[in-house]
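S.K.: Protein sequences, first through last, are from chains A and B. Each residue of the first sequence is one higher than the one before, counting from -13 in the working numbering. Each residue of the second sequence is one higher than the one before, counting from 19 in the working numbering.
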Amino acid sequence: MDFLHKGNPIMRLRKLFQVILLAAAAAAAGTILPAAAADVTLLNVSYDPTRELYKEFNAAFARHWKEKTGQSLSIQQSHGGSSKQARAVIDGLEADVVTLALAYDIDAIAERSQLLPRNWQGRLPNDSSPYTSTIIFLVRKGNPKKIKDWEDLARPGISVITPNPKTSGVARWNYMAAWGYALKKWGGDEVRAREFINRLFKNVPVLDSGARGATTTFVERGIGDVLINWENEVLLCAREMGRDRFDIVVPPTSILCEPVVSVVDKVAKRHRTLEVARAYLEYLYSEEGQHIEAKHYYRPRLASAAEKYKDQFPTVELFTLSDVAGDWHKANAAHFADGGVFDQIYQPGR
Amino acid sequence: MRRPGVLAAGLVGIALAGGPLGSIHPAVAQQTQPTAQTQTEERKMDDLEQRVKILERLREIEEEKAAEKAKETVTVSAGKDGFTVQSSGGNFILRLRGLLQFDGSFFQGDEANAATDTFQVNSARPMVEATAYKIYEFKIVPDFGQGKTVLQDVTLDARFHPAAKVRAGKFKTPFGLERLQSETDLMFVSRALTTNLVPNRDLGIMVYGEILDGVLAYAGGVFNGVPDGSSGDADINDGKDAAARVFARPFRKTSLPGLQGLGIGLGVTHGINRGKPTATGLASYKTAGQQTFFSYLADSSPTALNTVVADGRRYRLSPQLYYYVGRFGLMGERVRASQDVQIEVEDPAGTFTMHEETIRNESWQVSASFFLTRDDASYKPAAPRKNFLPSEGTAGGIEITARYGRLSVDRGAFPVYADPAKSAREATEKAAGVNWYLNRIVKVTLDYSRTSFEGGAASGGDRPDEKVLQSRFQIAF
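(1) Can you say whether N131 (chain B) is buried or exposed, counting buried as having 16 or more other CB atoms within 10 angstroms of its CB?
(2) 8 Å is my cut-off, CB to CB: does R207 (chain A) come that close to chain B?
(3) Against K62 (chain B), what residues of chain A qualify as contacts under a CB-to-CB distance less than 8 Å, listed in chain order?
(4) Under 8 Å, do Y266 (chain A) and L28 (chain A) count as touching if we go by C-beta distance?
(5) Please state whether DSSP places W216 (chain A) in a helix, a strand or coil.
(6) Within 8 Å (strictly less), CB to CB, does Q357 (chain B) reach chain D?
(7) 8 Å is my cut-off, CB to CB: does T259 (chain A) come that close to chain B?
(8) Is there a Cβ from chain B that is less than 8 Å from the Cβ of D135 (chain A)?
(9) Going by DSSP in three states, Q199 (chain B) sits in which element: helix, strand or coil?
(10) Using the Cα positions of R75 (chain B) and R285 (chain A), report the straight-line distance between them to the nearest angstrom.
(11) Starting from the C-beta of Y340 (chain B), find all residues in its chain whose C-beta is less than 6 Å away, skip the five residues before and the five after it, and write them out in chain order.
(12) Under three-state DSSP, which class holds Q57 (chain B)?
(13) Return helix, strand or coil for M227 (chain A), following the three-state DSSP convention.
(14) When you compare only the Cα positions, how much space is there between K171 (chain A) and N112 (chain A)?
(15) Does the CB of P142 (chain A) have a neighbour CB from chain B at under 8 Å?
(16) Please confirm whether Q360 (chain B) has its beta-carbon closer than 8 Å to some beta-carbon of chain A.
(17) Taking 8 Å as the limit between beta carbons, can you name the residues of its chain near S99 (chain A), skipping five residues before and five after?
(18) Could I get the ranges of all uninterrupted alpha helix (DSSP H) runs contained in the segment 239 to 264 of chain A, with 4 residues as the minimum, in chain order?
(19) Using a Cβ cut-off of 7 Å, pull out every chain B residue sitting near S339 (chain A), in sequence order please.
(20) Answer yes or no: does any C-beta atom of chain A fall closer than 8 Å to that of L66 (chain B)?
(21) List the residues of chain A that K461 (chain B) touches, going by C-beta distances under 7 Å, in chain order.
(22) Please confirm whether L425 (chain B) and A445 (chain B) have their CB atoms less than 8 Å apart.
(23) Leaving out the 5 sequence neighbours to the left and right, which residues in its chain are closer than 7 Å to R178 (chain A) when beta-carbon positions are compared?
(24) Label N105 (chain A) either buried or exposed according to how many other C-beta atoms from any shown protein chain fall within 10 Å of its C-beta, with 16 as the threshold for buried.
(25) Let's test the definition: count the other Cβ atoms within 10 Å of the Cβ of S68 (chain A) and tell me whether it reaches 16, buried, or not, exposed.
(26) Can you list, in chain order, the residues of the segment 183 to 210 of chain A whose Cβ is nearer than 9 Å to any Cβ on chain B?
(27) List, in chain order, every chain B residue whose beta-carbon is nearer than 7 Å to that of S119 (chain A).
(28) Does the structure place the segment 109 to 129 of chain A close enough to the segment 220 to 236 of chain A that three or more beta carbon pairs sit under 8 Å?
(29) Name the two residues that bound the continuous alpha helix (DSSP H) containing P111 (chain A).
(30) Compare the C-beta of S32 (chain A) with all C-beta atoms of chain B and state if any pair is closer than 8 Å.
(31) Is A87 (chain A) near Y33 (chain A), with beta carbons less than 8 Å apart?
(32) Beta-carbon within less than 6 Å of G275 (chain A)'s beta-carbon, same chain only, minus the 5 sequence neighbours each way: which residues are those?
(33) Enumerated in chain order, which unbroken segments of the alpha helix (DSSP H) with a length of 4 residues or greater are wholly contained in the segment 106 to 181 of chain B?
(34) Run through the DSSP bridge pairs and tell me what D465 (chain B) is partnered with.
(35) Compare the Cα-Cα distances from T305 (chain B) to each of B:S489, B:Q104, B:G423, B:L464 and report the closest residue.
(36) Where does K296 (chain A) sit, in a helix, a strand or coil, going by DSSP?
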């Protein structure tokens, strides 16, 4: 403004000196006064059924982080079918961390968007899988259709509820569990296994996008005779909805499911949340984290938590994905990619 | 003896009833043991019930998918307001609009060929507007008219509340009523004489808004400062201008239809303006035909001598009003503009003398319009009720206009600061015209303006009248 260019030189120098003094005082105040604790926000993009788990886990981690660093933390959650969530992150959803149903979905994020390195899985213990689960069945009270094993799901007249393998992580686990059962039953005969899968999916009337949607279809809409789902989801359903409405059926064999987690490096760096994001995922492996997971019916890795909660997990003979399909890339190419086995065999039941 | 009779009747009743479970019980027995047919029917009912539930659930899932898809859907539209690309939810909007004005000016009685009859592209403006989060707006308007490339407007707006908005960039100074009217909505091809004293587009920052549900509008800001009637892209001195305007429509929300269209306002600018010989900070004044009838003295060589420069306080005040009722419209404003000026002259004896003065110029104008068709006059005319469609016998909107205005230069400007043989001390304009609104985006204007002068010719005479017929073909979307 004009005043700095008018007036005598002494007055102008005095005004300039005042400005410099004020600026110096402000700078000094900034260094002397402690910086107020800054709020940090994390976005965890997760698969469908983990709402209850992360509600409790997030509160616990926020307390832990506050005690450790003095920093207030706010954690936002997004839930949906695992593959759908991965696509959302690829398309720009700003996730600081992803906690998804299968490694293939996080591989897709790494390959298509380069938001995290391709060797992400080796960064955390157990190939970045802090807990495991398996696939079991939920049936109507009294099990009127006498469902005991995978073979019963393919019987005529049985209505099976499972989510869409194109969008849901658990649906892929369900499919591979059924496929693995069939391979084992028929000595690796893929033709017979495919025929079994065909009969099973003929009995599927509705394909929800994720695990929680399938639970809604079965439990709240009253559709279907059996729900195939995560062990944690089935056990939670039975507890929440009452054992007087449903029965749990544990097949003799099922697949070992290993949900995985990762920091989304580029997003976390941009948000300056890299340190807290890493700590958040590492806390899933901590004593408190493992006990919270077990409490919510996820099979913990930590021996002490596994021992404490062992009675709530049924005994199942578990096979791994590598036993029946090698890895998710091979499984995806054969079964879930466009034109794969699933596209060839799926038709809505009834 | 009644008891034996009652007993007998009871026994008969029981016998008729078939004993304790007699003839009643076969029916009851049928109800407690469902037949195969009943079971089949029950299974069919269950089956139907399941099918209905499945169909309902499938519909729910489809609706969820549609809702998810709708969140990502981008809408592209084209219409009378231009071309628009909008994200789902409307958080991001990109709009492309445009303005094209093709003018003609034909001077009558111009035997000396002082003015040239010409067609010209007065304005060719593509307009790009972008809105983010429904609050922040960016606009850029270049203009390729008259053979030049000019950045007319570049604005950044933050609209936090209808009563509290901030604008920064290059835009019209909040002052003159007719100047603030959009180029597309003018009554005449050229603005009135008053607009010569009013700042056009300037760079600055402004807060503005409307309160009391649009009854009162305000705007105030700090700008570089531009000479009368001019636009600027950079300041010529450190001094800045403050500008403010309030405009009220006091009867807007009342149930008095005859007064709802009345608006009154006041604009003011104040600042410091100092020029130099190469950029004097002063303006010339032009007629409707864009002929200069007043200018300050300026030496042809860029020296400090014999060139009038702005030298200090610049102040403008403008009371203004408009009134629209039905097909009739009226607009009027008065502008007082004062500017401290200075000139250094050398007399034949070689003596240098510095002259300083405050030049106070005044102007006023009244414009009136009337729609021959059943359309409403307005400061921002809407689309005609019926578009021009010969097949349906509809004419669009037809509006006749008239204007009277005057600009008076401070007598103190002569002869030290302006040459009385070249610059008129007063100009008076009378104009009449017609506007034809073919539809929302196409408009044709034809008007005739006659401006007479006092002074501005050699030997103290009056400059010849300017008589000009002007036309405009306009497309705006």
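Think of the CB as a built atom: it goes at the ideal place given N, C-alpha and C, for glycine as much as any other residue. It should be emphasised that the depicted structure is a prediction, and the values quoted were computed from it without experimental measurement.
M.R.: On the basis of the supplied data:
(1) Exposed: under 16 other Cβ atoms inside 10 Å.
(2) yes
(3) Those within 8 Å of K62 (chain B) in chain A number zero; the least Cβ separation is about 13 Å.
(4) yes
(5) strand
(6) Structure shown: chain D not included; protein chains present are A and B.
(7) no
(8) no
(9) coil
(10) The alpha-carbon separation between R75 (chain B) and R285 (chain A) amounts to approximately 32 Å.
(11) G281, M349, Y397
(12) helix
(13) helix
(14) Distance between the alpha carbons of K171 (chain A) and N112 (chain A): 29 Å.
(15) no
(16) No, its Cβ sits nowhere closer than 8 Å to a Cβ of chain A.
(17) V75, I76
(18) 251 to 257
(19) Any question about residue 339 (chain A) goes unanswered here, given that chain A covers just -13 to 336.
(20) no
(21) The premise fails here: K461 (chain B) is roughly 44 Å from chain A at the closest Cβ pair, so nothing lies under 7 Å.
(22) Cβ atoms of L425 (chain B) and A445 (chain B): closer than 8 Å.
(23) A168, W172
(24) exposed
(25) buried
(26) P191, V192, L193, D194, S195, G199, T202, T203, R207, G208, I209, G210
(27) Annotation: S119 (chain A) has no Cβ neighbours in chain B at a cutoff of 7 Å; minimum Cβ distance is about 25 Å.
(28) yes
(29) Unbroken alpha helix (DSSP H) run through P111 (chain A): 111 to 114.
(30) no
(31) yes
(32) Contacts found: Y269.
(33) none
(34) D465 (chain B) is bridged to B:G451, B:Q488.
(35) B:G423
(36) helix
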